[in-house]
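I have placed the structure first, in the form of structure tokens, so that the comments after it can refer back to it.
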Amino acid sequence: MKKIYSSIFILLVLVIIFPATSCVKDITETIEKASKVNQVKWNPTIALPLVYSNLSFRDFLKGTNANQYIMIDDDSLVNLIYEENYISDYAEDVFDLETQNYSETFTFNSTQLEVLNSLGEVTVNFSQRVSYDGNGNELDKIWFKAGQIELNFTSTFEHNISCKLSIPESQRGADAISIDLNAPYSGTPTDVSDNYDLSGSEIDFTKTAQGHSEFDLEFEFTITKTGSNPIKASESISYSMALVDQKFSKVTGYFSDLDYENLSGSFSIPFFSNSKNGEIGIVDPELEFISENGIGLPIDLVFDQFEGKNNFDNIVPLTKTSGDLQLAVPRAVTEGESVLNSQILNNSNSSLIEYISNRPINNYYKVSILPNITDLSRHWLLDSSQISIIIKYTLPLHGTLKDYLLEDTKPFDLSLENADEIKEVLVRLYSENGFPVNIKTQLYFEDSITNTLIDSLFITDRVVSKAAQ
82 MKKIYSSIFI LLVLVIIFPA TSCVKDITET IEKASKVNQV KWNPTIALPL
132 VYSNLSFRDF LKGTNANQYI MIDDDSLVNL IYEENYISDY AEDVFDLETQ
182 NYSETFTFNS TQLEVLNSLG EVTVNFSQRV SYDGNGNELD KIWFKAGQIE
232 LNFTSTFEHN ISCKLSIPES QRGADAISID LNAPYSGTPT DVSDNYDLSG
282 SEIDFTKTAQ GHSEFDLEFE FTITKTGSNP IKASESISYS MALVDQKFSK
332 VTGYFSDLDY ENLSGSFSIP FFSNSKNGEI GIVDPELEFI SENGIGLPID
382 LVFDQFEGKN NFDNIVPLTK TSGDLQLAVP RAVTEGESVL NSQILNNSNS
432 SLIEYISNRP INNYYKVSIL PNITDLSRHW LLDSSQISII IKYTLPLHGT
482 LKDYLLEDTK PFDLSLENAD EIKEVLVRLY SENGFPVNIK TQLYFEDSIT
532 NTLIDSLFIT DRVVSKAAQ
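Using our numbering, the final residue of the sequence shown is 550, and nothing's skipped along the way.
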């Protein structure tokens with residue numbers, strides 16, 4: 082990267098004339114240093130350099146910060162770059178697997194009860210098709226990294242019961258999810274519970290006619306007659322099941338209702354902080370919106386607000402020449418990869434020239450992150466999937482600048498033993514201008530204790546530094 086040497090050099094010298102009998106100590110070295118300034122001739126009784134100030138290109142930019150840097154093109158054109166970065170929450174925090182609750186009562190018919198009474202044991206199978214509520218989204222399959230199945234059943238039977246619950250469209254290792262419960266009759270109504278750890282399990286919701294968000298539960302109940310306990314004319318077993326504390330490592334489906342938090346924020350452009358006065362016109366500025374999509378569905382970034390406010394609180398919105406201010410980002414096809422897309426606004430397709438002319442030191446934006454529901458392909462989410470957004474300003478330092486103000490304050494102290502013997506004071510200002518513009522200069526003298534303006538060097542501002550060639 083090339084160095085930038087443009088600067089304004091100012092040397093303020095106080096020349097004091099005393100009567101010949103006056104004596105001032107340790108002036109020789111000071112005069113020697115000051116005499117190195119080209120084309121300056123010294124012939125006073127005392128010459129004191131008071132102030133040296135160097136207002137450089139960096140002062141013009143008001144420094145840099147973490148979101149600002151300088152880029153110099155091959156043709157030596159200087160560009161100021163400002164960036165605002167946003168990274169979304171992880172997908173597992175955006176798409177929450179809500180608790181799923183299921184229950185049913187299975188009633189045994191007379192034939193089944195007769196078998197129990199005559200043989201002393203009967204095995205009966207029941208099945209139930211249940212829905213998985215994706216909160217407005219269609220689910221194809223979930224890979225669980227955490228969660229529990231909480232299973233409970235009660236019965237009217239006064240006999241021993243064993244229960245086996247299977248989910249055929251599931252898998253954990255080489256087997257389907259299966260839970261076994263045993264409830265020996267102990268003289269009180271049967272009420273038994275058990276939990277199953279879902280970590281490392283999968284459930285497929287595509288095996289039903291609907292093709293998504295459904296799965297089957299299969300129950301096998303074995304009733305063993307206990308002693309002379311009665312078999313009533315109506316006997317039943319009720320179950321309740323909950324899927325709780327679920328976390329996914331991966332989920333597939335069609336996601337039309339993801340609750341990404343709408344983004345709002347602000348950022349400053351220090352380049353405009355010293356612009357209470359003056360006009361600026363920048364040739365070919367650019368504002369680029371860049372998004373990296375790490376989730377397996379397309380998204381739309383809709384800028385509901387993008388406006389800039391200057392030092393006078395004047396607000397100018399940024400608009401496109403046609404259409405809304407938004408960016409469509411395609412989906413990542415391969416799991417774990419991400420897709421980039423960007424949009425550049427310039428003078429030809431937006432109101433950027435008017436926006437920049439307002440000198441927007443403060444910029445405000447609101448962005449909605451919306452799934453693109455026109456894409457009917459199936460989607461995927463990984464728990465670590467994220468979306469990132471970069472707002473990038475490029476301001477080439479090529480254009481017009483008028484009445485801009487640069488300031489610098491330098492303290493100095495002049496202590497004289499015999500100030501009343503001063504016969505004459507001459508103040509000389511020497512300047513060197515490295516900018517390609519005329520520089521008007523004024524020096525003010527201020528009391529450091531009261532901050533009171535005492536005097537100025539010139540009656541009015543004057544051009545003392547011609548433009549550099």
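All residues carry an ideal CB built from backbone N, CA and C; glycine is no exception.
Note that the structure is predicted; figures quoted are calculated from it, not measured.
From the DSSP output, in three-state form, read off residue i for me.
i, result
"Q193", "helix"
"D221", "strand"
"F329", "strand"
"L298", "strand"
"P492", "coil"
"L200", "helix"
"D501", "helix"
"F187", "strand"
"F207", "strand"
"F336", "coil"
"I540", "coil"
"F353", "helix"
"S309", "coil"
"E388", "strand"
"A314", "coil"
"I396", "strand"
Report all residues from its chain with a CB closer than 8 Å to the CB of residue i; omit the five preceding and five following residues, and keep chain order.
i, result
"E80", "The first residue shown for the chain is 82 and the last is 550, placing residue 80 beyond what the model contains."
"S349", "I442, N443 and N444"
Whose C-beta lies closer than 6 Å to the C-beta of residue i among residues of the same chain, with five residues either side of it excluded?
i, result
"Q209", "E185 and L298"
"S345", "K447"
"V420", "N374, P411 and A413"
"A264", "I242, T271 and V273"
"Y266", "E239, H240, N241 and T307"
"L476", "L161, I363 and P366"
"L426", "L368 and L433"
"V205", "Q193 and F302"
"N428", "I434"
Over the uninterrupted beta strand (DSSP E) stretch that includes residue i, give me the two end residues.
i, result
"S251", "N241 to R253"
"V364", "Segment: none, V364 is in no beta strand (DSSP E) and carries neither H nor E."
"Y167", "V159 to I168"
"A172", "That residue, A172, is in no beta strand (DSSP E); its alpha helix (DSSP H) goes A172 to V175."
"L534", "L534 to S537"
"G346", "L344 to S349"
"Y525", "Y525 to E527"
Could you check the C-alpha separation between residue i and residue j for me, to the nearest Å?
i, j, result
"Q291", "T455", "21 Å"
"E295", "Y213", "6 Å"
"L368", "I376", "25 Å"
"F238", "E195", "14 Å"
"I380", "V325", "29 Å"
"T189", "A257", "In the sequence under discussion, the amino acid at residue 189 is Phe, which differs from the Thr named in the question. Straight-line Cα distance between these residues: approximately 27 Å."
"G362", "L510", "32 Å"
"I472", "F384", "11 Å"
"K288", "A255", "18 Å"
"I318", "N216", "30 Å"
"S236", "F300", "14 Å"
"L220", "S403", "37 Å"
"S243", "S274", "12 Å"
"K371", "Q467", "In the sequence on display, residue 371 carries Ile and not Lys. Roughly 14 Å separates the two Cα atoms."
"N439", "N182", "57 Å"
"Y445", "S423", "20 Å"
"N233", "K245", "12 Å"
"N310", "T303", "16 Å"
"E435", "D338", "37 Å"
"E316", "S259", "25 Å"
"T307", "D278", "32 Å"
"K521", "K491", "18 Å"
"G389", "S321", "57 Å"
"I396", "P441", "8 Å"
"Y163", "S469", "16 Å"
"T180", "E342", "22 Å"
"T305", "F336", "47 Å"
"Q276", "D285", "According to the sequence displayed, residue 276 carries Asn and not Gln. About 20 Å."
"F176", "G228", "15 Å"
"V159", "Y474", "13 Å"
"E231", "L406", "48 Å"
I'd like the span of the alpha helix (DSSP H) that includes residue i, first residue to last.
i, result
"V414", "First-last for V414: undefined, no H or E at that position."
"I376", "Neither: I376 is in no alpha helix (DSSP H) and is coded neither H nor E."
"L433", "L433 to S438"
Identify, in the order they occur along the chain, each residue of the same chain with its Cβ nearer than 7 Å to the Cβ of residue i, setting aside the five sequence neighbours on each side.
i, result
"F329", "E173, L178, I223, W224, F225, K226 and D464"
"Y525", "L534 and S537"
"I437", "I363 and P366"
"S458", "none"
"L197", "V203, I304, K306 and I312"
Please specify which runs of the beta strand (DSSP E), each continuous and at least 3 residues long, are wholly inside the region 264–296, giving them in chain order. The qualifying runs are 271–278 and 282–285.
Note down, one range per segment and in chain order, each beta strand (DSSP E) of at least 3 residues found wholly within the region 440–476. Here the runs fully enclosed are 443–452 and 460–463.
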